[in-house]
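Since the structure comes first, as structure tokens, the remarks are kept for the end.
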Amino acid sequence: MFDVSGLSSYEAPAELVSVWEQHIQTFTDIQERAIRAGALDGRTNLLVMAPTSSGKTLVGELAATTSAFARRQHSIFIVPFRALADEHYELFRERYGHLLSVVISTSDWTEFDTDIRAGNFNLAVMTYEKLMIFLAHQPDLIQRCTTLVVDEVQLLSDGTRGAKLEMLLTQVLVADKRPQIVALSASVDGVNGLETWLGATMVSSSERPVPLTQSVCSVSGSAEILDRNEGTHTEVLIQAQNDREEAISAITHRYLNEGKQIILFRSTVRKVVETAHRLRTEMPAIGISQEVSERFNALDDSDAVNDLGLCLSSKVGYHTADLTYPERRLVEEAFRSGEVRVLVATTTLAMGVNLPSDVVIVGDTTRHVPAKVGWSLQNISVAEYRNAAGRAGRLGQSSAGFSVLIAERDAEMGQLINAYLLGHIEPIESQIPKRPFTDVVFEVICAGIAQTEDELTNFLASTFAYTTFYETVGGGFEELRRAVTEAVTYCISSDLVFKEGTYLHPTPMAKIFGAAGISISSASRLAATLQQVEATQLTDADIVFDVASCTEVGDRPWVRRRYGVDVDPRPQHSPAASATSPGSNLAVTLGRRALTPDDRKSLIRAKCLLDWIAGKPQRAISLDFQNMGAAAARVRDLGKYAAWLLDTLAQAAEVRGASETLVDRLRALALAARYGLSAELAPLARLRVAGISREHLLKLFTDPSGKRLYELEAFLEASDDDFEGLLTPAQVTRLRNAITSELEDSLRRKQAGHVARSEQAGTPRKLVEDLYTAKGEGLEQAITDALNHIGVSATRIMRQPHGEEDIRVTHPDGTVIISVTASQHDTRLIKWNKAKEILGAGTGLNPINYVCVGRPGFDSLAERSAQNIAREAGTRSISLIPIPVLAELIVRVDEGLETPEQLADLLARHRGVMTIESLPGTPQPK
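Each residue of the sequence shown is one higher than the last, beginning at 3 in the numbering used here.
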């Protein structure tokens, strides 16, 4: 065993070792094995396999940060769940924020996507699906990645995420320049050659740093205790009870009385909530701390929040997918702090969040799942049980963990021991053969991975699915080729793919849809929506209905049933909420004599989504869709998935050549769906400030004073009195701090990224740094030097005889006048009255364009005014360019991605506000 200081001999930088020494005491067995096997060398692929709570995640952390810091390129850490991504991001930013530019990208977090596409980061945390989307638009992202950490790689067997993860890993494995892959997996009993497919060295350990004692307890109170060292023995844990629910309560109270903290797993959301309520009534209500109370009071009003508050007052918490992100985070932190003594959760928590406890109780081994007709009873998997039980025992905090699995009868205990405590964990199994094969082929074509049927077949023959299924029981290579031909024929018939000779080409719209992972059926629907919206000017309700008809939005809310019959949802669509265009899918559906089951689903989801977008209070939405699966978190998920589809639709509209007005409208609708607020509130909503709810933001938006306090610069400059009746002083302070912190972090992140890229391109570091740091005339000179360095003729106007212009750029069509301005502090945006001074300057030079370059950027009024001028038909022309955008252009020219002539043309012809996203050649977001 070696200590942290010994990592310097394994290529670990001293700066990182210094950080690790503050947080790591000793290494576990699996950590030491992985380090010795090459985790830090940036070259060796590893499959790291060990039980839950053995310290695998730290292996990935060490590999990713070493690679990012030492090699000054990018490391990417991918995880299956948003909660895990949040957890890793916060940890990495706290530990390494002073050394590395750390970013995150999930379906919830899109704020850093522009920086990721531009390469302005060192370490990125993403979900599997988000990296797939990035690679579809920007395959070279993986070429610039030195280490890819794949957390929970055993989820290749997961029916929801497995196929996407496998397609992603296949794309990485066939790339010309591949990163080091460090795959982390819980223990399984059959890897099916996964390490060979990954080209990895397998490092495994069965050792748990904190020993786990497992048991099965019957309703009679008798338990079989399995100790790995001493074998099995019988012990009475509780007095005999009448049923499973009573037994669960009795065991919970036993360990609470011993001062233990408990996680209690139930198989369904309903059982979780019922169990938490029962325990709450059995425990004294002693209230909650001031800190928890403040955060609790800031949550959006809903029935779930009231229930949660009652439970928390008795030291009981519950955690399900029906809770919103802020609600889940509050519960998680209350459990970590000890405020919550017993946490009731679904078994998905076992993998989604790192919340170890002293004791784990697994209350069920079966659950009801949807079937073709009604419901069927399904056993939980061994892996699911082991992940749950593995949460018992705190590394560094306790000497042992204890788990209890509940049995209905004594006779059942032996069966459960053999099945779950001693049983084999299910082997890793590819999910690609279980997906619609046409969707698989469509995604590969649209991602540009393969352009012919032969290339498609060869790529799919490189998957884990081929070696474990197609090659053995799936008919082999020739059967795969036949299936590819059949799927290609279907893709061509959809008009989303066309064939020239042997080459297959997705249409521009199809490339957008397929790269986003949208099924071919939904892609066809959205393509038809775009054609119709241009022809008949569909209303927002029409567009939302078409999006809600795609399976990708999820299955909530459900259609209400009465006496076993689906209720017609059309009465819920009032004329005001369902204004439609004649001939739209919504209008046709509302006018049908009889509805199909899919019609009912689409109508009910569209109505819920329209209410959410309109800002209807969460409690009112929940009441309208009571008993229809429309918990607050489910409504937010509906909005989030709809936003993803609307964003994709906006991109498709752009590549189709739709008007800028339509593209802007779709993007604004996407923002409204994402946050359940007007798009104008998005800059505040995306800050996710604790204690600032959706209702608080709606108050700012509807404030009759007309001060537009929801705009960042207006918020920063307003007095405390301006927020009277809208926000408390504490809330105002938190929001102000969040705004300034985000502005500073964004500028610092972009600076770090541009400096790193400029060094790789051979540009003098100081040239780019001065753009971000120089002041006054020094900034004017820095811009002049940068433009001349890349070959754009620029001259400072020292005496400025014609006004306020600072720099003159020579262009074949005439002169471009550039004015340079910067705020005294980088959190203050440039105002319109400062930016527009350039319009009155330089008239004697008769310029072809007026450009204002500002640091850090421009306020909302300046951006709106510049965009309005850009739409005018007259000769006035102004372009506002934030310093980070100019720096991006300079770096691109040095990287060979742009020419000096192209940059000069942009300066001469661009009108309005220039953003990195709007630059030619910028890979577009999902």
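Glycine residues also receive a C-beta, built at the ideal position from the N, C-alpha and C atoms. Note that the structure is predicted; figures quoted are calculated from it, not measured.
Provide the residue span of the alpha helix (DSSP H) that contains residue i, from first to last.
i: K166; result: G164 to L175
i: T283; result: V271 to E284
i: T2; result: The structure shown has nothing for residue 2, since the chain only spans 3 to 928.
i: N587; result: N587 to L592
i: S339; result: Y327 to S339
i: V887; result: I885 to E897
i: R638; result: A634 to R658
i: A323; result: Segment: none, A323 is in no alpha helix (DSSP H) and carries neither H nor E.
The ligand GDP and residue i: does any heavy atom of the ligand fall closer than 6 Å to the residue's C-beta?
i: K179; result: The ligand content of the structure shown is nil, which means the ligand GDP is not present either.
Can you tell me which of the options puts its alpha carbon nearest to the alpha carbon of residue i?
i: T797; options: R688, V818 and G778; result: V818
i: R393; options: I447, P213, K513 and R572; result: P213
i: G478; options: P435, Q453, S496 and Y492; result: P435
i: R563; options: K603, F547 and S586; result: K603
i: R343; options: E329, V318 and V355; result: V318
i: I832; options: L418, Q453 and L745; result: L745
i: L101; options: P766, R750 and I37; result: R750
i: V561; options: D600, A824, G8 and A489; result: D600
i: T129; options: S159, F83 and E260; result: F83
i: T829; options: S879, L891, A740 and V893; result: A740
i: A72; options: E113, L125, E92 and Y91; result: L125
i: L312; options: A323, S695, P286 and I227; result: P286
i: H756; options: T538, V21 and Q75; result: Q75
i: S315; options: L93, E457, E455 and I288; result: I288
i: C147; options: I80, T474 and N356; result: I80
i: G121; options: T459, T108 and D142; result: D142
i: R338; options: V406, S378, Q263 and Y468; result: Q263
i: L888; options: I820, V151 and Q826; result: I820
Could you spell out where the beta strand (DSSP E) holding residue i opens and where it closes?
i: S220; result: L214 to S220
i: K752; result: Premise fails: K752 lies in the alpha helix (DSSP H), P731 to Q762, not in any beta strand (DSSP E).
i: I264; result: I264 to R268
i: I623; result: Not the beta strand (DSSP E): I623 falls in the alpha helix (DSSP H), residues Q620 to D626.
i: Q182; result: Q182 to A188
i: M128; result: L125 to T129
i: A225; result: S224 to D229
i: R857; result: N851 to R857
i: Y505; result: Y505 to P508
i: C147; result: C147 to V152
Cβ atoms of residue j and residue i: under 7 Å apart, would you say?
i: E554; j: S523; result: no
i: V364; j: G425; result: no
i: A225; j: E237; result: yes
i: V104; j: D117; result: no
i: L332; j: A635; result: no
i: V176; j: S464; result: yes
i: A39; j: S220; result: no
i: L969; j: D544; result: The requested residue 969 is not part of the displayed model; the chain covers only 3 to 928.
i: A517; j: A452; result: no
i: L540; j: R572; result: no
i: W614; j: G678; result: yes
i: T203; j: P181; result: no
i: V6; j: I26; result: yes
i: I880; j: I871; result: yes
i: E455; j: V490; result: yes
i: L170; j: M134; result: yes
i: H791; j: A910; result: no
i: L532; j: A654; result: yes
Can you confirm whether residue i, when its beta carbon is compared against all beta carbons of chain C, has any partner nearer than 7 Å?
i: G593; result: Although the question refers to chain C, the structure presented lacks it and comprises just one protein chain.
Using 8 Å for Cβ pairs, my map puts residue i next to residue j. What's the rounded Cβ distance?
i: Y320; j: V346; result: 4 Å
i: R210; j: S56; result: 6 Å
i: D366; j: K273; result: 7 Å
i: E931; j: Y712; result: Not covered by the structure: residue 931. The range shown for the chain is 3 to 928.
i: T277; j: R268; result: 6 Å
(message) Within 8 Å, do at least three Cβ pairs link the region 911 to 919 to the region 770 to 790?
(response) With a cut-off of 8 Å on Cβ pairs, the region 770 to 790 is not in contact with the region 911 to 919, counting fewer than three such pairs.
| query | Would you call the region 856 to 874 and the region 639 to 650 touching, i.e. three or more CB-CB distances under 8 Å? | reply | Too few Cβ pairs lie closer than 8 Å, so no.
Discussion item. For the pair the region 886 to 898 and the region 767 to 774, tell me if three or more CB-CB distances fall below 8 Å.
Written reply: Touching, yes, given that three or more Cβ pairs across the two stretches are closer than 8 Å.
Does the region 87 to 98 come into contact with the region 27 to 47, if we say contact requires no fewer than three beta-carbon pairs (one atom in each stretch) closer than 8 Å? The region 87 to 98 makes no contact with the region 27 to 47: fewer than 3 CB pairs, one atom from each, lie closer than 8 Å.
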